[in-house]
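Contents: one structure, followed by commentary.
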Amino acid sequence: MKLKKIVLDLETQKSFEEVGGRGKNHLLKVSVCCIYDYSADRYLAYEEKELAKLAPLLQTADQIIGYNIKDFDFEVIQPYLNFDIFQVPYLDLLEEIEKALGHRLKLESVAQGTIGSGKSGSGKEALLYFKNGRMDLLKKYCLDDVKVTRQVYEYGLKNQKLLYKDFFKTKEIPLKIKDPQPRMGVKHQAALF
157 MKLKKIVLDL ETQKSFEEVG GRGKNHLLKV SVCCIYDYSA DRYLAYEEKE LAKLAPLLQT
217 ADQIIGYNIK DFDFEVIQPY LNFDIFQVPY LDLLEEIEKA LGHRLKLESV AQGTIGSGKS
277 GSGKEALLYF KNGRMDLLKK YCLDDVKVTR QVYEYGLKNQ KLLYKDFFKT KEIPLKIKDP
337 QPRMGVKHQA ALF
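So the numbering used here is basically just the index in the sequence shown, starting at one, shifted up by 156.
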């Protein structure tokens, strides 16, 4: 049986400035949420109106994997779900990096150091794509982030370390990550409020 691991990233409809600053992530609203589903070996993109289809996948996941998902993505998507996403096992790569180094790093510097390539754009560009109705470009950008996160995660899982660019040097981050245990007896229904 394949583990049901989900790599997740999402983009928002609003910026922090539009909702009154950081700490109000629940007000940012999802524009698009993209995942890689290991059990089905496929990438999927969900617009805000399609999140009801995504909810059961998240609720029944053995693990949700992402970069800054605990403090950002989970808080943004939680208002759309009728279950507590924080109760689903997760691996936040940024959280693991912060534990190992004592400080945070941008995904870009970790991706450049670990896999030799980085993100395809910026969050500001993603907001513009949404505001201009360019869902095609928004989905591509978000899916690209999921692909980068997946490659970084797989490297970390295999090698028990990640690398990052620190000016002109590449430095190592020791990690202790492993595959999750399968979750037994999880109900397979979830929906939006």
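Quick reminder that beta carbons are idealized off the backbone N, C-alpha and C, glycines included. Quick caveat, the model's predicted, so the values are computed rather than measured.
Here Phe-228 is buried, its C-beta having at least 16 other C-beta atoms within 10 Å.
Phe-286 counts as buried, since at least 16 other C-beta atoms from the protein chains shown sit within 10 angstroms of its C-beta.
With respect to the C-alpha of Ser-265, the residue from Leu-294, Phe-230 and Leu-319 having the closest C-alpha is Leu-319. Between Ile-241 and the set Lys-325, Ile-329, Thr-326 and Ile-162, the nearest pair of CA atoms involves Ile-162.
Annotation: the continuous alpha helix (DSSP H) that includes Ala-211 extends over 207-215.
For Ala-256, the closest C-alpha among the options Asp-193, Pro-212 and Pro-330 is that of Pro-330. A direct Cα-to-Cα measurement between Lys-314 and Gln-307 gives close to 11 Å. Boundaries around Ser-187 are those of the beta strand (DSSP E), 186-193, since no alpha helix (DSSP H) includes it.
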